[in-house]
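The structure under discussion appears below in the form of structure tokens.
There are 4 protein chains.
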Amino acid sequence: MVILFAEKSKPADIAKAKKILEKAEVDFIFQKSGKNSAFVLPASLSQKKIEEIKKLVKVEVIFLNEKQPFLSSLRYIEKRKKIKILNWKWEEDLLFFAVGPCAVENEKVLETIAKTAKKCGAKILRGGSFKPRTSPYSFQGLGEKGLKIHRKICDKFELFMMSEVLDRSDLPLVSSYSDIIQIGSRNMQNFPLLKAAGKLNKPVLLKRNFGSTREEFLLAAEYILSEGNDKVILCERGVRVFNPAAKNVFDPASLQKFKEETWLPVVVDPSHSAGDFRYVGTIAKSAIVAGADGLMIEIHPEPQKAFSDDQQALTLSDFEKLVAELKKICQAVEKRIE
Amino acid sequence: MVILFAEKSKPADIAKAKKILEKAEVDFIFQKSGKNSAFVLPASLSQKKIEEIKKLVKVEVIFLNEKQPFLSSLRYIEKRKKIKILNWKWEEDLLFFAVGPCAVENEKVLETIAKTAKKCGAKILRGGSFKPRTSPYSFQGLGEKGLKIHRKICDKFELFMMSEVLDRSDLPLVSSYSDIIQIGSRNMQNFPLLKAAGKLNKPVLLKRNFGSTREEFLLAAEYILSEGNDKVILCERGVRVFNPAAKNVFDPASLQKFKEETWLPVVVDPSHSAGDFRYVGTIAKSAIVAGADGLMIEIHPEPQKAFSDDQQALTLSDFEKLVAELKKICQAVEKRIE
Amino acid sequence: MVILFAEKSKPADIAKAKKILEKAEVDFIFQKSGKNSAFVLPASLSQKKIEEIKKLVKVEVIFLNEKQPFLSSLRYIEKRKKIKILNWKWEEDLLFFAVGPCAVENEKVLETIAKTAKKCGAKILRGGSFKPRTSPYSFQGLGEKGLKIHRKICDKFELFMMSEVLDRSDLPLVSSYSDIIQIGSRNMQNFPLLKAAGKLNKPVLLKRNFGSTREEFLLAAEYILSEGNDKVILCERGVRVFNPAAKNVFDPASLQKFKEETWLPVVVDPSHSAGDFRYVGTIAKSAIVAGADGLMIEIHPEPQKAFSDDQQALTLSDFEKLVAELKKICQAVEKRIE
Amino acid sequence: MVILFAEKSKPADIAKAKKILEKAEVDFIFQKSGKNSAFVLPASLSQKKIEEIKKLVKVEVIFLNEKQPFLSSLRYIEKRKKIKILNWKWEEDLLFFAVGPCAVENEKVLETIAKTAKKCGAKILRGGSFKPRTSPYSFQGLGEKGLKIHRKICDKFELFMMSEVLDRSDLPLVSSYSDIIQIGSRNMQNFPLLKAAGKLNKPVLLKRNFGSTREEFLLAAEYILSEGNDKVILCERGVRVFNPAAKNVFDPASLQKFKEETWLPVVVDPSHSAGDFRYVGTIAKSAIVAGADGLMIEIHPEPQKAFSDDQQALTLSDFEKLVAELKKICQAVEKRIE
């Protein structure tokens with residue numbers, strides 16, 4: 005529940021309401037953004053308590069519909085500066101550019117990838133050590149061994165590290181290595197994981213599930229935001245459709261609409277949308293012209309030998325060619341890749 | 005059914021097969037493209053006749069699966085020159101740019117629209133006089149009166165005229181006015197209409213139904229092609245999806261795939277995909293970077309007063325701004341708007 | 005547009021409004037159902053005319069949203085008796101049971117099918133002589149020759165004849181033979197055909213397009229109703245979905261909802277929903293428990309030799325077994341097959 | 005990876021292969037079912053190891069595609085007896101009938117519900133104490149307090165307890181109270197949770213995600229099975245579709261297909277498929293005629309006061325009426341509710 009105070013509410017009245025909540029032993033976060041003030045409660049208040057607050061506070065209090073996103077909404081929250089990642093100031097026109105293999109496999113392969121990624125302007129080196137695989141018989145990731153390799157290569161090439169977490173209990177481990185935490189499509193509504201990620205002071209990249217609605221996606225982000233972590237990066241990667249050409253259809257209008265509704269950055273993963281290396285470029289280009297704040301692309305020196313996602317990774321040379329094309333399109337829409 | 009001869013087939017044997025078909029009193033078209041020769045039959049042959057041809061001809065004969073597109077396929081047909089529209093040579097890099105109102109309403113409004121369209125580089129003035137409307141209680145078009153206005157304005161501004169036909173029996177009338185015949189989404193599988201359009205010597209723009217598969221779309225085009233008219237222009241306008249942002253989701257990867265599979269030009273209608281003027285620009289831009297051969301955009305001087313589709317038409321000034329942006333993106337991908 | 009008069013409107017005022025419409029030379033139908041009176045106009049009136057009627061009539065006049073179904077709606081039209089087909093009174097609990105091949109092929113095959121259909125309680129013998137086929141290279145139907153065979157067999161077995169029409173210009177021919185006119189999924193929004201069917205005094209079975217919304221389906225029916233033909237039978241046959249088991253997913257809740265919204269009978273075609281004979285039974289059973297008013301099932305003595313739809317037709321013996329099962333389920337929900 | 009031995013493989017060769025795996029320090033499960041023997045490995049083997057086994061074993065060894073379900077497949081596993089739940093033998097024709105509120109709210113409400121459930125033949129009392137809610141501002145469940153109430157009422161009415169787990173780390177707690185563990189749609193691909201559930205010796209009810217394919221669902225079950233727990237119950241609850249009547253469309257043909265492909269019981273949750281109490285009955289009936297092994301239905305004495313899912317719960321009296329109808333349909337298909 006969100007208790008949003010009217011703009012003209014007096015600080016004294018807000019303080020009074022705060023005391024009621026404290027007395028009720030309810031967890032809450034106080035959110036101040038521009039002229040708006042709000043208490044965000046990770047659970048519903050009883051109707052009785054709501055009446056009590058309304059009576060005592062004597063100010064215009066708006067109790068939001070719990071099914072509406074609040075903390076991510078441009079309607080309630082003033083547009084903030086872009087999320088700062090460690091010491092890197094992410095400027096408005098610069099693409100968040102994350103490149104890497106699907107899974108961390110070994111040091112040599114990752115180093116080759118990192119070299120190309122760096123050369124092409126990537127800021128972030130992605131790669132999973134805990135892999136969510138559709139089949140239990142597929143490669144499941146190297147675990148901590150992979151995290152160590154990933155960290156080492158990121159340090160060597162001065163790239164930010166982004167690694168995926170599948171389960172709340174793995175979060176401390178992954179978080180001790182990785183600069184950015186990735187939460188994948190299949191865990192978009194793993195609410196205990198989202199809440200735990202909300203307690204971190206690290207950027208969290210949250211991917212949209214291919215079967216979820218736009219609102220479900222924003223409310224999943226709200227789980228992280230309502231725990232106090234506002235470094236949330238949304239990542240679109242297409243939805244399930246009858247008879248698609250790519251695996252999951254990337255909808256450019258949907259991306260634009262997210263940019264209009266939320267102040268959170270929205271990046272696109274053309275590799276998982278395409279599910280096929282041949283369509284990665286087209287989707288990446290569409291994402292840029294639709295206003296994406298960044299891209300996440302899978303590359304591999306020998307895709308056919310990759311431990312996973314072999315169909316969708318670009319070869320290093322195809323990737324270099326694509327980046328040259330992407331830079332031209334960036335220019336046309338006043339974006340840039342470093 | 006398509007009887008495709010092996011490349012090495014002798015002309016004498018092909019002639020023999022032709023005689024068998026003639027004797028059988030079966031309708032067929034002889035198609036020669038590069039090294040390939042084929043008989044295209046608008047119906048199936050009996051198994052007995054197939055055996056007879058196989059026996060007599062004594063050459064390698066391939067009987068294609070009837071469910072595969074043949075005449076539109078790059079696999080069988082050598083890439084031809086772009087379709088020539090009247091005296092206008094449509095070059096590879098130039099966009100087919102069709103602009104206009106949803107429906108022809110009156111001369112004054114159409115003239116205002118045509119002026120802006122011409123100024124912005126459009127070659128074609130679109131506008132329906134027979135309108136396919138979801139509800140019987142909506143405006144159904146001006147009929148022949150509309151066609152006359154449309155023709156007059158096209159002549160004045162030297163624009164090609166494109167008008168929609170809903171029914172086989174209206175084809176002679178519309179065809180006597182219009183340079184390009186449009187067959188809409190709802191009629192994509194109106195087979196008698198497709199066959200009749202296949203007998204014209206005019207370009208036909210065929211729009212994909214929002215609920216059809218990619219293959220159904222190509223086979224609908226095949227109906228026109230198999231009657232002898234090879235001036236077919238495919239038009240994508242999105243598909244039905246759960247929880248879309250726009251009305252029908254435009255899939256950029258699908259467009260690319262059509263361009264890889266067929267030699268037919270593929271244009272995009274961002275207005276009907278969006279169903280909302282706010283998303284028209286984003287979809288148009290995505291279409292260009294995905295390789296579209298053209299665009300079809302609805303504009304209106306006062307969209308809120310339009311007789312139909314008031315939500316999706318751009319105002320004239322918004323359209324001029326958009327064209328400036330589209331031109332920049334065209335440059336980045338080596339396309340152009342005149 | 006629909007001009008719905010308030011219940012308390014005086015006949016004199018309604019008569020006055022009628023004159024305004026007549027003077028305006030607008031086509032309209034006067035519809036009286038229970039306490040409601042309405043003028044149904046197959047096109048929109050100008051805002052000026054609307055104001056004129058409002059002023060002169062001086063009664064409460066409600067101008068319906070053109071996007072809402074009106075004539076099919078239980079909200080406006082009092083529940084009428086079931087549609088009478090020729091001399092057959094279709095009672096509430098009796099299933100409209102249409103059985104037959106996909107296409108009429110020859111007299112012998114159709115006779116075999118008709119015999120089984122009759123024996124199993126079918127009232128209607130379906131079978132197309134004009135076939136809407138996805139590919140131009142597939143069998144397109146026997147045309148009038150097929151209609152003659154179809155009529156002969158129907159007369160012999162005392163079954164009603166149902167045949168499909170693809171195009172407005174074929175309607176007089178098919179209508180001269182067939183008792184019930186079928187309009188297929190691909191023609192659901194072939195508006196000239198719908199209007200022409202609305203001028204017949206014969207039952208029209210209208211099938212839902214696999215990519216259409218529920219409202220588009222009802223508004224397609226409205227085209228027929230608004231021309232004066234109220235013998236419209238709706239037919240559900242599933243919608244396009246990602247990763248379906250059958251070809252087009254039959255949604256039992258959607259059927260129930262149609263039954264709640266409209267007084268029109270709603271029958272189900274499990275054969276085209278399934279696209280595979282193995283699922284026909286399950287979908288037929290679901291249709292019955294969901295409240296369907298009828299079923300349409302494809303059968304063939306030798307499905308593998310059928311000219312079309314060979315995968316979805318049931319053999320005669322499988323059909324007989326299925327009917328025995330369907331009868332048990334009918335009993336459980338107080339329906340019956342004759 | 006699954007190493008499936010040819011039927012004629014000698015036990016000595018299988019034993020040899022086992023030693024290779026042990027030496028390779030790979031985790032594996034040996035699976036014997038009828039004439040088939042297989043090693044199931046929760047991860048892929050290197051190509052080198054695969055060659056080694058092939059060479060040494062000298063028997064026909066089939067390495068299954070890792071993307072195919074194996075342990076759930078009727079193709080490889082002989083049909084086993086139905087899953088035994090505690091001391092209750094679940095016979096072929098008896099429905100698994102789970103009834104209860106969405107969330108455990110308090111003892112009094114749950115007792116009222118349990119009384120009706122028991123009276124109507126339910127065997128299982130469902131109800132969540134850890135709730136997966138789309139919004140962080142919605143009621144999140146009572147936690148352990150709820151589990152205690154749930155256990156107490158189950159003991160009183162001799163009903164099996166089924167409760168949902170959202171996270172691997174909550175599994176020991178919930179498992180210490182509940183007889184059956186529920187894994188919800190949003191966690192269908194929470195792989196660490198699935199693996200942990202695979203180590204239990206308790207029935208696990210796994211719900212299909214509304215955006216997942218049929219194969220993804222079976223492979224999620226495979227995660228539980230491949231860890232050694234074969235008491236897996238699949239639960240269908242519909243998929244996302246454009247323009248549905250209910251919330252998630254229940255596809256009766258898909259249910260039938262699951263029954264043909266897997267030996268696992270497949271139950272249906274009409275409440276979550278419907279998302280609306282008015283459609284629960286129709287979907288429940290369709291599920292029974294399509295061959296469902298069970299039903300899961302939400303009921304509440306005062307749905308409008310429920311803490312969650314207030315739209316979809318049936319009132320107690322509506323539920324009683326529905327059960328009477330379901331029993332009649334069960335009879336028609338030789339199923340029964342106790």
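Chains A, B, C and D are the protein sequences, given in the same order.
For the first sequence, the numbering used here assigns the number 5 to the initial residue and increments by one for each residue that follows.
For the second sequence, the numbering used here assigns the number 5 to the initial residue and increments by one for each residue that follows.
For the third sequence, the numbering used here assigns the number 5 to the initial residue and increments by one for each residue that follows.
For the fourth sequence, the numbering used here assigns the number 5 to the initial residue and increments by one for each residue that follows.
Even glycine gets a Cβ: it sits at the ideal position worked out from N, Cα and C.
Beta-bridge pairing of residue i - partner residues as DSSP gives them
i	result
D:Thr266	D:Ser77
D:Cys239	D:Lys211 and D:Val271
B:Arg130	B:Met166
A:Met300	A:Ala102
Residue range of the unbroken alpha helix (DSSP H) whose run includes residue i
i	result
B:Lys152	Glu148 to Phe161
B:Glu329	Leu320 to Ala336
A:Ala16	Pro15 to Lys27
C:Val253	Where C:Val253 is concerned, there is no enclosing alpha helix (DSSP H), given that its DSSP letter is neither H nor E.
Which listed residue (the options) has its alpha carbon closest to that of residue i
i	options	result
C:Val6	C:Glu70, C:Lys12, C:Ala28 and C:Lys59	C:Glu70
D:Gly232	D:Glu55, D:Val253 and D:Gly202	D:Gly202
B:Ser139	C:Lys331, C:Phe34, C:Ser142 and C:Gln193	C:Gln193
D:Val337	D:Ala291, D:Ser142 and D:Ala16	D:Ala291
A:Gln51	A:Val44, A:Phe67, A:Lys36 and A:Phe43	A:Phe67
C:Thr319	C:Phe43, C:Pro105 and C:Leu98	C:Pro105
D:Trp267	D:Asn205, D:Gly295, D:Ala249 and D:Phe311	D:Gly295
C:Ile301	C:Lys309, C:Glu324, C:Val293 and C:Gln308	C:Glu324
A:Cys239	A:Asn213, A:Gly279, A:Leu175 and A:Ala257	A:Asn213
C:Lys160	C:Glu11, C:Ala121, C:Lys211 and C:Lys135	C:Ala121
C:Asp97	C:Ser275, C:Gly150, C:Pro269 and C:His276	C:Pro269
C:Val178	C:Phe195, C:Ala200 and C:Leu78	C:Ala200
D:Val243	D:Asp273, D:Ala225, D:Glu95 and D:Tyr227	D:Asp273
Close Cβ partners of residue i (< 6 Å) along its chain, the five nearest in sequence each way excluded
i	result
C:Val327	Cys124
A:Lys85	Its pLDDT being 49, under 50, A:Lys85 is placed unreliably by the model, and nothing is read from it.
A:Ile57	Ala21 and Ile24
B:Ala249	none
C:His304	Pro105, Ala310 and Ala317
Spatial neighbours of residue i in its chain, beta-carbon cut-off 8 Å, leaving aside the 5 residues before and after
i	result
C:Met165	Ile128, Leu129, His154, Arg155, Cys158, Tyr181, Ser182, Asp183 and Ile184
C:Arg137	Phe143, Gln144 and Ser312
C:Glu162	Lys122
Nonlocal neighbours in the same chain, by C-beta distance under 7 Å from residue i, ignoring five residues either side
i	result
A:Ile18	Phe9 and Ser41
A:Lys331	Ile341
A:Pro53	As written in the sequence, residue 53 of chain A is Lys, which differs from the Pro given in the question. Excluding positions up to five away in sequence, the list reads Ala28.
Endpoints, beta strand (DSSP E) assigned at residue i
i	result
D:Phe43	Asn40 to Val44
D:Phe67	Val65 to Phe67
What residues in the segment 219–253 of chain D have a beta carbon less than 7 Å from any beta carbon of chain B?
Arg244, Val245 and Phe246
If contact means a Cβ-Cβ distance below 9 Å, which residues of the segment 155–176 of chain D contact chain A?
Leu170, Asp171, Arg172, Ser173 and Asp174
Could you list the residues in the segment 137–153 of chain A with a C-beta less than 9 Å from some C-beta on chain D, going in chain order?
Arg137, Thr138, Ser139, Pro140, Tyr141, Ser142, Phe143 and Gln144
Taking beta-carbon pairs under 7 Å, can you tell me which members of the segment 199–221 of chain D lie near chain A?
Asn213, Phe214, Gly215, Ser216 and Glu220
What residues in the segment 308–334 of chain D have a beta carbon less than 9 Å from any beta carbon of chain A?
Phe311
Between the segment 272–287 of chain A and chain B, which residues of the former have CB atoms less than 7 Å from a CB of the latter, in chain order?
Ala278, Tyr283, Thr286 and Ile287
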